[in-house]
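Here the sequence shown stands for residues 25 to 357, where the numbers follow my numbering. Beta carbons are placed, not taken as given, at the ideal position from N, Cα and C, and that holds for glycine.
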Amino acid sequence: MTAAVCQPATRQLAIAAPETEELHALTRQHPCALALLNRLFVILVTSYVGHVELRSAHRRAMSVERLKSMNATRIFLLAKIPEKEKYITQEAINNESDIFGDLLQGDFTEDYRNLTHKHLMGLQWASTFCNTSFILKVDDDIVFNLNQTYNFITKIKDEKNLLIGYMLNNTLPRRSKQNKWYVTQEEYSGNIYPPYLSGWYYIMSSNIASLITREAPYHYQFWIDDIFVTGILSEFLGITLRHLPKDYWLEYYELLECCLKDMVMKSIQCEYVVGPNGGRNELIVEFNNALEKCKRKNCTIRSEHQSLKKVCINFRERTIFGDGKAVIQKVKL
């Protein structure tokens, strides 16, 4: 049960609260402008502004018509083009927005340290303008099973105060300056992060998104967005995180490729829902196409003694905040 947060008039803002109009000033088409009554869910896809091909893959894997049949809408979250970016122009982004109407571009520059702004921008927009019950937040390099996601949300459609995904516990701040996720004592003074959800894929009820975005301006904007949004703010608000089962997740793209191969070659269902694309943009298209064919062909359920992780061997160990070291791995496909 989530308690509403009281905000006394004497509370001090940690940052200036952004005006909603400033959040989407760079795109002419506004997602959710064509109102649907009672959307079931909105998919927020965190996307680097230059990832044009990845966004195209998402659209081809999950068409607007298919999303509408599920009472769903997709929004790609972008920021301003950085000066070092030579392969994309604002004119091209404007054209993409005019054609598809699914971009929300914030008035801040693309940067890892601005991901919290992008994350909150999406939650604020979806919970304010999209008339939705739930929000699915994913990264653009993540592959997921849309049908399974829809089935899950349909089962919990009457729930409120929901925040569910891959829960991470006992994660330590990285204090080495060589680490990509290096955090200073000034940025985060604690010795351990609160429990939080991986930003790969999580589901949040709209009322929780409203609570979080209203509370955020009263806090220092910690730059690791997953930890700040689903960890620090959720803990402050007393929101209970829930963990999706282990058989929902594939942590390595090699396993996802193996699951895809079994669907295509052996007509065996892929029981997993979420995994990374390993840098292969078309994987989300191939995976969802194979899922649709499997649905029509009534693919067989994988037997326990042929579990995917036994058939497809992977010796890598999971690391959320990697140090960038080389890893030798053996994969059997």
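Member of the options whose CA lies at the smallest distance from the CA of residue i
{"i": "residue 285", "options": "314, 145, 156", "result": "314"}
{"i": "residue 128", "options": "236, 156, 67, 243", "result": "67"}
{"i": "residue 133", "options": "72, 223, 254", "result": "72"}
{"i": "residue 193", "options": "208, 168, 167, 250", "result": "250"}
{"i": "residue 88", "options": "123, 139, 77", "result": "123"}
{"i": "residue 53", "options": "236, 135, 166, 130", "result": "130"}
{"i": "residue 238", "options": "220, 227, 219, 260", "result": "260"}
{"i": "residue 103", "options": "114, 110, 95", "result": "114"}
{"i": "residue 219", "options": "246, 206, 267, 241", "result": "267"}
{"i": "residue 292", "options": "162, 327, 199", "result": "327"}
{"i": "residue 150", "options": "235, 85, 170", "result": "235"}
{"i": "residue 101", "options": "64, 246, 144, 109", "result": "144"}
{"i": "residue 97", "options": "157, 107, 197", "result": "157"}
{"i": "residue 112", "options": "140, 77, 90", "result": "77"}
{"i": "residue 287", "options": "159, 173, 323", "result": "323"}
Neighbour-count burial assignment, residue i, 16 or more Cβ in a 10 Å radius
{"i": "residue 321", "result": "exposed"}
{"i": "residue 148", "result": "buried"}
{"i": "residue 93", "result": "exposed"}
{"i": "residue 184", "result": "exposed"}
{"i": "residue 289", "result": "exposed"}
{"i": "residue 55", "result": "buried"}
{"i": "residue 262", "result": "exposed"}
{"i": "residue 319", "result": "exposed"}
{"i": "residue 142", "result": "buried"}
{"i": "residue 119", "result": "exposed"}
{"i": "residue 165", "result": "buried"}
{"i": "residue 269", "result": "exposed"}
{"i": "residue 225", "result": "buried"}
{"i": "residue 301", "result": "buried"}
{"i": "residue 126", "result": "buried"}
{"i": "residue 280", "result": "buried"}
{"i": "residue 325", "result": "exposed"}
{"i": "residue 316", "result": "exposed"}
{"i": "residue 393", "result": "Because the chain is modelled from 25 through 357, residue 393 falls outside the range shown and cannot be assessed."}
{"i": "residue 82", "result": "buried"}
{"i": "residue 75", "result": "buried"}
Collapsed DSSP secondary structure at residue i in the structure displayed
{"i": "residue 319", "result": "helix"}
{"i": "residue 355", "result": "Only weak support is given to the placement of residue 355: the predicted model assigns it a pLDDT of 40, under 50, and the value that follows is read from those uncertain coordinates. Of the three classes helix, strand and coil, the one that applies to residue 355 here is coil, per DSSP."}
{"i": "residue 325", "result": "coil"}
{"i": "residue 136", "result": "helix"}
{"i": "residue 192", "result": "strand"}
{"i": "residue 45", "result": "Interpretation of residue 45 is limited by its pLDDT of 41, a score under 50 that renders its predicted location unreliable; the figure taken from the coordinates is listed afterwards. Correct three-state label for residue 45: helix."}
{"i": "residue 114", "result": "helix"}
{"i": "residue 128", "result": "strand"}
{"i": "residue 186", "result": "coil"}
{"i": "residue 80", "result": "helix"}
{"i": "residue 87", "result": "coil"}
{"i": "residue 178", "result": "helix"}
{"i": "residue 331", "result": "coil"}
{"i": "residue 312", "result": "helix"}
{"i": "residue 51", "result": "coil"}
{"i": "residue 306", "result": "coil"}
{"i": "residue 74", "result": "coil"}
{"i": "residue 144", "result": "helix"}
{"i": "residue 120", "result": "helix"}
8 angstroms Cβ cutoff, residue i in contact with chain D
{"i": "residue 263", "result": "Checking the listed chains, one finds no chain D in this structure; it contains a single protein chain."}
Residues bridged to residue i [DSSP beta-bridge criterion]
{"i": "residue 67", "result": "98, 160"}
{"i": "residue 198", "result": "206"}
{"i": "residue 167", "result": "299"}
{"i": "residue 104", "result": "133"}
(Q) Quick check on the DSSP output: what are the complete beta strand (DSSP E) runs of length 3 or more inside the stretch 201-243, in order along the chain? (A) 220-229
Q. Counting only runs that start and end within the stretch 233-304, where is the alpha helix (DSSP H) found for 4 or more residues in a row?
A. 258-261, 277-290
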